[in-house]
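*Asks:* Here the protein sequences come in this chain order: A and B. Using our numbering, the first residue of the first sequence is number 1, and each one after it goes up by one. Using our numbering, the first residue of the second sequence is number 1001, and each one after it goes up by one. Got a structure here, written out as structure tokens. Questions coming.
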Amino acid sequence: MKPLYSDAIIVEYIKAGGQKRQKAIALIYEDQALKNQVIAFVKNNSGSEEEGIDIFHEGIIAFDENVRKDKYKGEGQLKGYLFSICRFLWLNRLKRDKRTTYTAETTELDQVSFETPEHLSLQEEQKQIIDYLLSQLGEKCQKILELWKLSYSMEEIATEVGLQDAGIARRQRYNCYQKLLETIDKEPDLKNVLKLNYSEK
Amino acid sequence: MKNNNHDIELIERYLSDELNGTEKLILDQRLTEDESFAEEFQRRQIAHTTLDYMIAKNLKAQLQELERENKGKVVAINKNRQKRLVILSLAASILLIVTFFFIIPQNSMSNAELASAYYESPDLTIRGSETTSPNQELLASGIIALENKEYAKAIATLESVPENNPYYILAQYYLGHAFFAAGQYEQATASFVRVRTSEDIRYQEDAEWYELLSCLAQEADCNALLNKLSTNPNHIYYGKALEIKKQIK
């Protein structure tokens, strides 16, 4: 049978980034039992199967970010943590859409609270603005900045993007980032719409 | 006040979650006292949120792609088959334990015997809907033949899955197992190499491990591959590779 993967390995793989992060995400995604639990929770609380799958995906995205940003401290089981995230995201969506409010009951999987990544709370208008910012960058710059943000080394970025060496990757990363900042500067109104909250981490 | 490189570094390190407690206090203070610093912070925070959003969006697209791939790919195995697999697993485990206690300590195993002792059948569960698409049919028939120990049929069926079929890599993975079970280790190696070198990371490490076992089964020189696995603590078969390394002649 296929081997079991411990919580520690999954967290370690996500933090390591690159192919390992991809593998960890694929492993979480393949946890059919957890996925079914999330879907069942959503369906039992005014949602559909599709919404359940969507929340499971959003939960994985939030979990990935929290692990990468060291906000997941290994408290409780990973499965419980991820279920809590999905539950929280679904209750928030119900609230946002002004649908039936669920009176929360704590389940054994419902272990911890978590911090919602800022981008998961963005409004549609804000998402459109960000899509515009990204479109100004071009695909190559997007890829370079994504890999950089995912903690790839400059050598890895060079390999992934097909650049000659790490030095060129470093310069391209700098140029792409400057381009993003300049695009933000060129549209002063963007800052008002995208005004993000600073909260002490 | 103009922001210098030190300020920019402080902001960037904050946005990359690299600041310690004291540094965060300094940043808090600068944000309340220095307008130009706060402005620089804001534009860089927008940039980072943009990148976080892009990462999340790309990941969501990947998850949706996995969802589409898996939809229906996987057919639920019936309960009897599951029971049979449990019994087989138990028997295999007992055999493995016996092997460990009685054979390994005597250090008398050949490489081929080691390969056989460490070989485990793949997960033959095909999850998902009961119906299969034409693309999945070949894969599903091949897996069923493999499960029924009809290796020639399994090989012929899995070999016929074309490269442009979305289940090609999975078919190659099971083909490797079918060859292995049929004692055709060279062909098994070739199939596992195709999986290992594919872009589907879900099966790469498993394929690498079975490539090693296929190599050992041929009594070939497998040192390079064995060293690769046994010196990489992050590899999921690191522990087993180390065990084999200790026992290898």
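We treat Cβ as the ideally placed atom computed from N, Cα and C, and that holds for glycine. Because the structure is a prediction, the values reported are computed rather than measured.
Short check: CB of B:Glu1243 to CB of B:Tyr1118, under 9 Å?
*Replies:* Within the second sequence, numbered from 1, the residue matching residue 1243 of chain B stands at position 243. Within the second sequence, numbered from 1, the residue matching residue 1118 of chain B stands at position 118. Yes, the pair counts as a contact, with Cβ atoms nearer than the cut-off.
*Asks:* Are any of the Cβ atoms in chain B nearer than 9 Å to that of A:Gln19?
*Replies:* Here residue 19 of chain A corresponds to residue number 19 of the first sequence, with the count starting at 1. Closer than 9 Å to some Cβ of chain B, the Cβ of A:Gln19 qualifies, so yes.
*Asks:* Can you give me the start and stop residues for the alpha helix (DSSP H) that B:Gln1187 sits inside?
*Replies:* Mapped onto the second sequence, residue 1187 of chain B falls at position 187. Looking at the DSSP string, the run of the alpha helix (DSSP H) that includes B:Gln1187 is 1185 to 1196.
*Asks:* Please compile the residues from chain B whose C-beta is within a distance smaller than 8 Å of the C-beta of A:Tyr29.
*Replies:* Counted from its first residue, the first sequence places residue 29 of chain A at position 29. Chain B residues near A:Tyr29: Leu1063, Leu1066.
*Asks:* Hey, does B:Asp1052 have any beta-carbon neighbour from chain A nearer than 9 Å?
*Replies:* Stepping through the second sequence from its first residue, residue 1052 of chain B is reached at position 52. Chain A, which has a Cβ nearer than 9 Å to the Cβ of B:Asp1052, makes this yes.
*Asks:* Suppose you measure from the CA of A:Ile25 to the CA of A:Tyr177; what does that come to, to the nearest Å?
*Replies:* The residue labelled residue 25 of chain A in the question sits at position 25 within the first sequence. The residue labelled residue 177 of chain A in the question sits at position 177 within the first sequence. Distance between the alpha carbons of A:Ile25 and A:Tyr177: 27 Å.
*Asks:* Using only alpha-carbon positions, find the residue among A:Gln22, A:Arg173, A:Lys143, A:Phe63 that is nearest to A:Glu204.
*Replies:* In this structure chain A extends from 1 to 201, so residue 204 of chain A is not present and cannot be described.
*Asks:* Determine whether the Cβ of B:Arg1013 lies closer than 9 Å to any Cβ atom of chain A.
*Replies:* Position 13 of the second sequence, counting from 1, holds the residue named residue 1013 of chain B. Judged by the 9 Å Cβ criterion, B:Arg1013 is not in contact with chain A.
*Asks:* How close, in whole Å, do the beta carbons of A:Lys224 and B:Ile1201 come, if the pair is a contact with beta carbons under 8 Å?
*Replies:* The requested residue 224 of chain A does not occur in the structure, where chain A is confined to residues 1 to 201.
*Asks:* With a threshold of 16 other CB atoms inside 10 Å of the CB of A:Asp64, please say whether the residue is buried or exposed.
*Replies:* Position 64 of the first sequence, counted from the start, is the residue given in the question as residue 64 of chain A. Buried: at least 16 other Cβ atoms inside 10 Å.
*Asks:* Buried or exposed: where does B:Tyr1053 fall if 16 or more other Cβ atoms within 10 Å of its Cβ makes it buried?
*Replies:* The residue you call residue 1053 of chain B lines up with position 53 of the second sequence. Buried: at least 16 other Cβ atoms inside 10 Å.
*Asks:* Indicate whether B:Ile1155 and B:Phe1192 have their beta-carbon atoms separated by less than 9 Å.
*Replies:* What you label residue 1155 of chain B is simply residue 155 of the second sequence in a count that begins at 1. What you label residue 1192 of chain B is simply residue 192 of the second sequence in a count that begins at 1. No. Outside cutoff.
*Asks:* Restricting to Cα atoms, I'd like to know which of B:Leu1059, B:Leu1170, B:Ala1140 is closest to B:Ala1207.
*Replies:* As a working note, residue 1207 of chain B is residue 207 in the second sequence. Of B:Leu1059, B:Leu1170, B:Ala1140, the residue nearest in Cα terms is B:Leu1170.
*Asks:* Please work out which residues of its chain come closer than 6 Å, Cβ to Cβ, to A:Ser202, disregarding the five sequence neighbours upstream and downstream, and give them in chain order.
*Replies:* In the structure as shown, chain A starts at 1 and stops at 201, and residue 202 of chain A therefore has no counterpart that could be examined.
*Asks:* For the alpha helix (DSSP H) containing A:Tyr152, list its first residue and its last residue.
*Replies:* One-based indexing of the first sequence puts residue 152 of chain A at position 152. It is not in any alpha helix (DSSP H) - A:Tyr152 carries neither H nor E in the DSSP assignment.
*Asks:* Quick one: residues in its chain with C-beta nearer than 6 Å to the C-beta of B:Asn1111, no 5 flanking neighbours on either side, listed in chain order?
*Replies:* Reading the second sequence from its first residue, position 111 is the one you call residue 1111 of chain B. Within the same chain, B:Asn1111 has close Cβ partners Leu1216, Glu1219.
*Asks:* What did DSSP end up calling A:Pro188 once you bin it into helix, strand or coil?
*Replies:* Walking along the first sequence from the start, residue 188 of chain A turns up at place 188. Of the three classes helix, strand and coil, the one that applies to A:Pro188 here is helix, per DSSP.
*Asks:* Rounded to a whole number of angstroms, what is the C-alpha to C-alpha distance between A:Glu139 and B:Gly1176?
*Replies:* By 1-based counting over the first sequence, the position of residue 139 of chain A is 139. By 1-based counting over the second sequence, the position of residue 1176 of chain B is 176. Computed Cα separation, rounded: 37 Å.
*Asks:* Listing by chain order, which chain B residues have their CB less than 8 Å from the CB of A:Tyr177?
*Replies:* In the first sequence, the residue the question calls residue 177 of chain A occupies position 177. Result: Ala1047.
*Asks:* Kindly say whether A:Ile85, judged by its beta-carbon, lies nearer than 9 Å to any beta-carbon of chain B.
*Replies:* Counting from 1 along the first sequence, the entry for residue 85 of chain A is found at position 85. By this cut-off, A:Ile85 is not an interface position.
*Asks:* Check this for me: beta carbons of A:Ile60 and B:Leu1063, under 9 Å apart or not?
*Replies:* Here the question's residue 60 of chain A lines up with position 60 in the first sequence. Here the question's residue 1063 of chain B lines up with position 63 in the second sequence. Cβ distance < 9 Å, so A:Ile60 and B:Leu1063 count as in contact.
*Asks:* Helix, strand or coil for B:Asp1206, going by three-state DSSP, please let me know.
*Replies:* Here residue 1206 of chain B corresponds to residue number 206 of the second sequence, with the count starting at 1. Of the three classes helix, strand and coil, the one that applies to B:Asp1206 here is helix, per DSSP.
*Asks:* Relative to the C-alpha of B:Leu1015, which residue among A:Lys149, A:Val193, A:Ile184, A:Asn192 is closest?
*Replies:* Counting from one through the second sequence, the residue named residue 1015 of chain B turns up at place 15. Out of A:Lys149, A:Val193, A:Ile184, A:Asn192, A:Lys149 has the C-alpha closest to the C-alpha of B:Leu1015.
*Asks:* Got a sec: is the Cβ-Cβ distance from A:Gln22 to anything in chain B below 9 Å?
*Replies:* Counting from 1 along the first sequence, the entry for residue 22 of chain A is found at position 22. Yes, because at least one Cβ of chain B sits closer than 9 Å to the Cβ of A:Gln22.
*Asks:* Which chain A residues sit within Cβ distance under 9 Å of B:Gln1184?
*Replies:* Position 184 of the second sequence holds residue 1184 of chain B. None at all; the shortest Cβ gap to chain A is about 23 Å.
*Asks:* Report the residues of the region 181 to 194 of chain A with a CB closer than 8 Å to any CB of chain B, ordered along the chain.
*Replies:* Residues Leu181, Ile184, Asp185, Leu190, Lys191, Leu194.
*Asks:* Find the nearest neighbour of A:Ile39 within the set A:Gln172, A:Tyr13, A:Glu50, judged by alpha-carbon distance.
*Replies:* By 1-based counting over the first sequence, the position of residue 39 of chain A is 39. Comparing Cα positions, the closest option is A:Glu50.
*Asks:* Using C-beta distances below 7 Å, list every residue in its chain close to B:Glu1205, excluding the 5 sequence neighbours before and after it, in chain order.
*Replies:* What you label residue 1205 of chain B is simply residue 205 of the second sequence in a count that begins at 1. Contacts found: His1235, Ile1236, Tyr1237.
*Asks:* Roughly how many angstroms lie between the CA atoms of B:Ala1076 and B:Ala1140, to the nearest whole one?
*Replies:* Position 76 of the second sequence, counted from the start, is the residue given in the question as residue 1076 of chain B. Position 140 of the second sequence, counted from the start, is the residue given in the question as residue 1140 of chain B. Interpretation of B:Ala1076 is limited by its pLDDT of 39, a score under 50 that renders its predicted location unreliable; the figure taken from the coordinates is listed afterwards. About 11 Å.
*Asks:* Just to confirm my understanding: we take A:Leu133, look at its own chain, exclude 5 residues before and 5 after, and list those with CB closer than 6 Å. What are they?
*Replies:* Mapped onto the first sequence, residue 133 of chain A falls at position 133. The residues are Thr183.
*Asks:* Is any beta-carbon of chain A found at less than 9 Å from that of B:Ile1144?
*Replies:* Counting from 1 along the second sequence, the entry for residue 1144 of chain B is found at position 144. No - not a single Cβ of chain A is within 9 Å of the one on B:Ile1144.
*Asks:* Can a CB atom of chain B be found closer than 9 Å to the CB of A:Leu150?
*Replies:* For this step, residue 150 of chain A is matched to residue 150 along the first sequence. Output row for A:Leu150: interface = yes.
*Asks:* Anyone know if the C-beta pair for B:Arg1043 and A:Asp185 falls short of 9 Å?
*Replies:* Walking along the second sequence from the start, residue 1043 of chain B turns up at place 43. Walking along the first sequence from the start, residue 185 of chain A turns up at place 185. Cβ distance < 9 Å, so B:Arg1043 and A:Asp185 count as in contact.
*Asks:* Kindly list the residues whose CB is nearer than 7 Å to the CB of B:Arg1013, restricted to its own chain and excluding five residues on each side of it in sequence; keep chain order.
*Replies:* Position 13 of the second sequence holds residue 1013 of chain B. Hits under 7 Å: Leu1019.
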